[in-house]
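J.: Dropping the structure in here first, questions after.
2 protein chains.
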Amino acid sequence: MPRPTKQNPERGDARTRLLEAARDVIRSQGFAATTLDDLCKSAGVTKGAFFHHFENKEALGVAAAAFWAETTSAFFAEAPYHDHDDPLDRLLGYVAFRKEIIEGDLAEFTCLVGTMTQEVYLSHPAIRDACAASIFGHAATLEPDIEAAMKAHGIAADWTPASLAVHSQAVLQGAFILAKATGDRTIARDSVDHLQRYLLLLFGRAPGRNGPRARGGQSHG
Amino acid sequence: MPRPTKQNPERGDARTRLLEAARDVIRSQGFAATTLDDLCKSAGVTKGAFFHHFENKEALGVAAAAFWAETTSAFFAEAPYHDHDDPLDRLLGYVAFRKEIIEGDLAEFTCLVGTMTQEVYLSHPAIRDACAASIFGHAATLEPDIEAAMKAHGIAADWTPASLAVHSQAVLQGAFILAKATGDRTIARDSVDHLQRYLLLLFGRAPGRNGPRARGGQSHG
DNA sequence: ACATAGATACCGACCGGATGGTATTTATAT
DNA sequence: ATATAAATACCATCCGGTCGGTATCTATGT
Chain U
3 MPRPTKQNPE RGDARTRLLE AARDVIRSQG FAATTLDDLC KSAGVTKGAF FHHFENKEAL
63 GVAAAAFWAE TTSAFFAEAP YHDHDDPLDR LLGYVAFRKE IIEGDLAEFT CLVGTMTQEV
123 YLSHPAIRDA CAASIFGHAA TLEPDIEAAM KAHGIAADWT PASLAVHSQA VLQGAFILAK
183 ATGDRTIARD SVDHLQRYLL LLFGRAPGRN GPRARGGQSH G
Chain R
3 MPRPTKQNPE RGDARTRLLE AARDVIRSQG FAATTLDDLC KSAGVTKGAF FHHFENKEAL
63 GVAAAAFWAE TTSAFFAEAP YHDHDDPLDR LLGYVAFRKE IIEGDLAEFT CLVGTMTQEV
123 YLSHPAIRDA CAASIFGHAA TLEPDIEAAM KAHGIAADWT PASLAVHSQA VLQGAFILAK
183 ATGDRTIARD SVDHLQRYLL LLFGRAPGRN GPRARGGQSH G
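In the order they appear, the protein sequences are chains U and R.
Throughout the first sequence, residue numbering follows our numbering, covering 3 to 223 in sequence.
Throughout the second sequence, residue numbering follows our numbering, covering 3 to 223 in sequence.
The structure is reproduced here in structure tokens:
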């Protein structure tokens with residue numbers, strides 16, 4: 003049974019398989035509880051391969067956070083909400099998309115870097131920084147649309163586009179925690195609904211039926 | 003040097019000292035990375051004492067979550083925001099209080115049970131349930147004021163008091179994660195500001211200066 | 001008042017398996 | 001041929017947990 007090679011990468015090379023294993027196993031068990039044997043077994047790789055590609059466990063954590071940043075930014079870049087003409091529609095589309103992808107098992111839709119941050123923020127600054135880069139890099143992609151929406155809707159606010167972008171990430175991270183606590187996805191979606199409602203109120207667009215009295219803004223679509 | 007006894011509990015009994023140590027050490031390092039030796043050393047107690055009071059590490063986790071629920075509920079019960087006559091003022095006072103206590107080191111103001119939930123939600127259901135009880139028990143204390151405020155302000159909404167109470171906890175949990183990622187408290191406070199702004203908009207009360215056009219609601223106080 | 005006994009609280013050396021990491025060897029690509 | 005990639009065996013330490021023992025408290029009988 004030949005092991006997979008670069009020419010014949012049945013499931014990708016060992017490094018990629020280890021990063022994918024890290025993404026999945028750490029989201030299930032956390033970073034500290036995940037042993038190197040867990041990772042190697044899940045990746046179908048031996049320890050020799052592990053230490054060939056990563057200096058130690060911490061280096062894998064950093065690489066896993068960077069891998070997460072790359073793959074998720076590509077994922078969101080391809081998402082359909084960018085197609086809207088109106089920047090507010092794009093922003094609301096993003097939130098709706100985040101709600102849509104809350105689906106399947108908890109370890110499938112929750113955030114690797116949010117999970118790792120909680121564990122390593124003091125003990126492993128290098129991992130923490132890589133996680134922060136992922137989270138805030140993603141938040142930054144929302145800022146142009148927020149800023150454009152503010153201008154388009156004449157919003158002069160005491161908050162910045164950056165702070166709203168970051169807040170949206172806080173809501174998502176918190177929603178994931180509550181979903182983990184209950185084992186129930188829907189509680190996370192409820193918080194995303196509140197975030198959506200907040201945006202509608204901030205930008206003066208009428209929410210759906212039964213919301214607080216609308217301000218006569220234009221309807222969606 | 004006599005060891006502390008029930009009659010002479012210099013620093014409380016071993017069980018309490020272990021729970022306090024768990025609260026502090028786990029908030030710094032996480033549950034999995036915290037060894038029993040860490041806990042015993044921090045508590046000034048031996049392993050014999052540990053296993054006298056707790057069956058195993060998981061049992062300590064459950065007890066620590068319960069201890070957290072007890073101490074925090076007492077802490078919030080004594081907080082001054084309950085003094086307001088208007089239920090919306092009490093709700094906004096709660097949020098303002100949560101913002102105020104974001105102070106000092108990260109491990110001092112972040113949430114033990116939120117941290118533990120992320121790590122153990124799959125591997126230790128008993129701990130997860132104890133954490134959930136703490137989080138949702140605390141959220142439930144907000145519901146009466148939210149419901150009363152909805153009635154007082156004539157809000158007919160497509161969201162429930164429970165969902166808004168839970169959402170407030172999601173915002174706080176997420177704010178803690180982002181603060182850990184950056185090492186900066188202020189980013190957590192910013193998210194609490196957004197939560198506060200959301201409540202003001204939901205209940206039609208005018209926010210401070212520079213907010214979106216006010217709806218002519220009554221002013222604060 | 002005092003002795004006795006049982007229960008509770010606590011101590012700390014020790015164990016076996018797990019864990020992060022290393023050294024050496026083997027296979028593949030260029 | 002040489003560098004890279006990966007497999008295997010191995011090690012020192014750590015860690016959760018055990019166990020026999022000691023000190024202190026409480027209850028009770030006399």
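We put the CB at the ideal spot given by N, CA and C, even for glycine.
Here the structure is a predicted model, which means the values were calculated and not measured.
(1) So what's serine 221(U) in DSSP terms, helix, strand or just coil?
(2) Compute the Euclidean distance between the alpha carbons of phenylalanine 77(U) and threonine 112(R), then round it to the nearest angstrom.
(3) Can you name, in chain order, every residue of its own chain whose Cβ lies under 8 Å from the Cβ of proline 82(R), other than the five neighbours on each side?
(4) Could you give the DSSP three-state label for glycine 14(R): helix, strand or coil?
(5) Give every residue of the same chain whose Cβ lies closer than 6 Å to the Cβ of alanine 16(R), excluding the five residues on either side of it in the sequence, and list them in chain order.
(6) If we ignore side chains and look at the alpha-carbon of each, how far apart do histidine 169(R) and phenylalanine 53(U) end up?
(7) Give me the chain U residues within the contact set of glycine 95(R), using Cβ-Cβ distance strictly less than 7 Å, ordered along the chain.
(8) The segment 154–174 of chain U: which residues have C-beta closer than 8 Å to a C-beta of chain R, in chain order?
(9) Can you have a look at isoleucine 157(U) and say buried or exposed, based on whether 16 or more other CB atoms are within 10 angstroms of its CB?
(10) What's the C-alpha gap between valine 97(R) and histidine 55(U)?
(11) Which of the three DSSP states, helix, strand or coil, is assigned to tryptophan 70(R)?
(12) Hey, is arginine 17(U)'s beta-carbon within less than 8 Å of any beta-carbon in chain R?
(13) Hey, is glutamate 22(R)'s beta-carbon within less than 8 Å of any beta-carbon in chain U?
(14) The alpha helix (DSSP H) that contains glycine 116(R), what's its start and end?
(15) Between arginine 130(R) and chain U, is any beta-carbon pair separated by less than 8 Å?
(16) Would histidine 140(U) pass as an interface residue toward chain R - the criterion being a Cβ-Cβ separation below 8 Å?
(17) So is isoleucine 28(R) buried or exposed if we call it buried at 16+ other beta carbons inside 10 Å?
(18) Quick check: is the beta carbon of cysteine 133(R) nearer than 8 Å to any beta carbon in chain U?
(19) So proline 89(R) and alanine 141(R) are in contact, right, with Cβ under 8 Å, and what is the actual spacing, rounded?
(20) Using only CA atoms, which one of Leu144(R), Gln175(R), Asp40(R), Thr117(R) lies nearest to aspartate 91(R)?
(21) Taking the alpha-carbon positions, what's the leucine 197(U) to serine 75(R) distance?
(22) Use the C-beta contact count for lysine 182(R): other C-beta atoms within 10 angstroms, 16 or more gives buried, fewer gives exposed.
(23) How would you label aspartate 1(R), buried or exposed, when you count the other beta carbons within 10 angstroms and need 16 or more for buried?
(24) Given this structure, state the Cα-to-Cα distance separating arginine 130(R) from leucine 93(R), to the nearest angstrom.
(25) May I ask you to report which of helix, strand or coil DSSP gives glycine 125(U)?
(26) Reducing DSSP to helix, strand and coil, say where phenylalanine 178(R) ends up.
(27) Which one of Cys133(U), Phe138(U), Leu203(U) has the shortest CA to CA distance from phenylalanine 69(U)?
T.: This is what the structure holds:
(1) The pLDDT assigned to serine 221(U) is 39, lower than 50, so where the model puts this residue is not dependable, and the model offers no usable value.
(2) 31 Å
(3) Gly95, Phe99
(4) Taken through DSSP and simplified to helix, strand or coil, glycine 14(R) comes out as strand.
(5) Val47, Ala51
(6) A straight line joining the alpha-carbon of histidine 169(R) with that of phenylalanine 53(U) spans about 43 Å.
(7) Those within 7 Å of glycine 95(R) in chain U number zero; the least Cβ separation is about 20 Å.
(8) Ile157, Ala158, Ala159, Asp160, Trp161, Ser165, Leu166, Val168, His169, Gln171, Ala172, Val173, Leu174
(9) Classification for isoleucine 157(U): buried.
(10) 47 Å
(11) helix
(12) no
(13) no
(14) 114–122
(15) yes
(16) no
(17) buried
(18) yes
(19) About 16 Å; that fails the 8 Å criterion.
(20) Leu144(R)
(21) 27 Å
(22) Result: buried.
(23) Since the displayed chain R opens at 3 and closes at 223, residue 1(R) lies outside it and no answer follows.
(24) 27 Å
(25) Note that residue 125(U) is serine in the sequence shown, not glycine. Residue state, collapsed to three classes: coil.
(26) helix
(27) Cys133(U)
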